[in-house]
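Q: Supplied in structure tokens, the structure appears directly below.
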Ligand SMILES: Cc1cc2nc3c(=O)[nH]c(=O)nc-3n(C[C@H](O)[C@H](O)[C@H](O)COP(=O)(O)OP(=O)(O)OC[C@H]3O[C@@H](n4cnc5c(N)ncnc54)[C@H](O)[C@@H]3O)c2cc1C
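Put into structure tokens, the structure is as follows:
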């Protein structure tokens, strides 16, 4: 089996992987590997925006995030995210990110459900795409970064609780990478579910690897269903109708046209009410955006408007059938405040990590922010310590296993109630 050598191996090309890479010392040799195309990640799909905690807003942000997370969040993590939010958003802007501005050229903030004030920066309803294009543009300028697309991580190289690379497959060809540091930025678990808003290629590899190599995990039972995915049995990935629509006045109705839930409650509460109502009346549930000004909708939510139209719905006049769908994984590999896992030289960032920020339920738009804050934290720690690490060459070879099956079993053990929602492997 052929083998490559690199200083830092990053698996995953979403916001977590790319932002970490850009914050690493430009003298380091960095290899990014992703199992699809660079843009095929959940980060690219993010619609609503990114939470931006301006100086003076820290306490209110912490209160809102705690309330959404059932007060099971880590307070230390919350304080760090609140304190470091603006610094990271500023870095993104310096890299070229173009968040929406008002007529005076000032940044324009919007509100999403369960945030008590306007603190979300956005770019139409394509915030993730704009951020990802900015990051990709910056990555392309960096000669020290190499990207391998369509390359699947099969296993980690780990010896005596220290990570030193990974095994990969690209077009039926297997190879391995030896590295001083490994960063897992492989996202969540949505691809394991029949109904999910996530990309199919994101199937809980981090969770499966944690189980296989005894790496500490946290909050595995905390799986978020988003209340407003567009119901569409012919689609493998369900289209999301962003929370920002409800933040701006969209309402939820049953088949009789009755409202039955406060649309601005946190996601888990809204989801719970929809499931109850569906089960009670076997009723179709709808999102109703028709009371909003139609020109405003077409501008503010252009990509959602376009996508709905393509599927056959006019957001300004039709009710949109919705259903809850798996959306986000609050749990994951447990990390400390520098992105380090319990396995030496293995960092985990983004949705694959459990930093404790979200508690039992994620507040809207906090995920992109978490990936930024801890992507930079991990990079800073790696920059300091990498000099002291020597590259290990260890002749271990991979053995056969099915990560999807392993991840599926772990989820069933922690959330037996979701068994029928999962795909078979
Ligand atoms: C439709 C949608 C809308 C959202 N809107 C928002 C929003 O407005 N605001 C917000 O804060 N959050 C939002 N989220 C959540 C947020 O987008 C994600 O949590 C975040 O982008 C995760 O970033 P990441 O870098 O951890 O992972 P991802 O962006 O999911 O990237 C994971 C990467 O890992 C790679 N990968 C996975 N498994 C393997 C493997 N075995 N081998 C190699 N590579 C692998 C994938 O190809 C991908 O490149 C949304 C999510 C969805 C699905």
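Residue numbers (my numbering): 5 to 429.
Don't be surprised by glycine CBs; every beta carbon is placed ideally from N, CA and C.
Start and end of the alpha helix (DSSP H) containing residue 138?
A: Unbroken alpha helix (DSSP H) run through residue 138: 131-144.
Q: So residue 233 and residue 326 are in contact, right, with Cβ under 8 Å, and what is the actual spacing, rounded?
A: About 6 Å separates the two Cβ atoms, so the contact holds.
Q: Which of the three DSSP states, helix, strand or coil, is assigned to residue 357?
A: DSSP places residue 357 in strand when its eight states are reduced to three.
Q: DSSP on residue 38, reduced to helix/strand/coil?
A: Here residue 38 sits in coil by DSSP.
Q: Which runs of the beta strand (DSSP E) spanning at least 3 residues fall entirely within the segment 229-311, listed in chain order?
A: The segment 229-311 contains these whole beta strand (DSSP E) runs: 255-257, 289-292.
Q: Buried or exposed for residue 394, going by 16 or more other Cβ atoms inside 10 Å?
A: Answer is exposed; the Cβ neighbour count stays below 16.
Q: Enumerate in chain order the residues of its own chain whose CB-to-CB distance from residue 111 is below 7 Å, with the five nearest sequence positions on each side excluded.
A: Closer than 7 Å at the Cβ level, and outside the excluded window around residue 111, lie 103, 105, 125.
Q: Could you have a look at residue 198 and say whether DSSP puts it in helix, strand or coil?
A: Of the three classes helix, strand and coil, the one that applies to residue 198 here is coil, per DSSP.
Q: Any heavy atom of ligand 1 closer than 7 Å to the Cβ of residue 345?
A: It does not: the Cβ of residue 345 is nowhere closer than 7 Å to a heavy atom of ligand 1.
Q: Opposite residue 330 in the DSSP bridges: which residues?
A: According to DSSP, residue 330 bridges with 200, 229.
Q: If I follow the unbroken beta strand (DSSP E) through residue 156, where does it start and stop?
A: 155-163 is the span of the beta strand (DSSP E), which, as asked, contains residue 156.
Q: In the DSSP output, which residue or residues are listed as bridge partners for residue 344?
A: Paired residue(s): 351.
Q: Would the C-beta of residue 327 count as close to ligand 1, meaning under 7 Å from any of its heavy atoms?
A: Answer for residue 327: no, Cβ out of range of ligand 1.
Q: Taking C-alpha atoms, which residue in 252, 32, 119 lies nearest to residue 148?
A: Considering only alpha carbons, the answer is 32.
Q: Do you know how far the Cα of residue 52 is from the Cα of residue 309?
A: Looking at the two C-alpha atoms, the distance is approximately 14 Å.
Q: Determine the DSSP secondary structure at residue 63, reduced to helix, strand or coil.
A: Helix.
Q: Taking the alpha-carbon of residue 290 as reference, which of 338, 29, 273, 267 has the nearest alpha-carbon?
A: With distances taken between Cα atoms, residue 290 lies closest to 267.
Q: Within a Cβ cutoff of 6 Å, which residues of the same chain sit near residue 352, ignoring the five residues on either side of it in sequence?
A: Contacts found: 188, 337, 339, 345.
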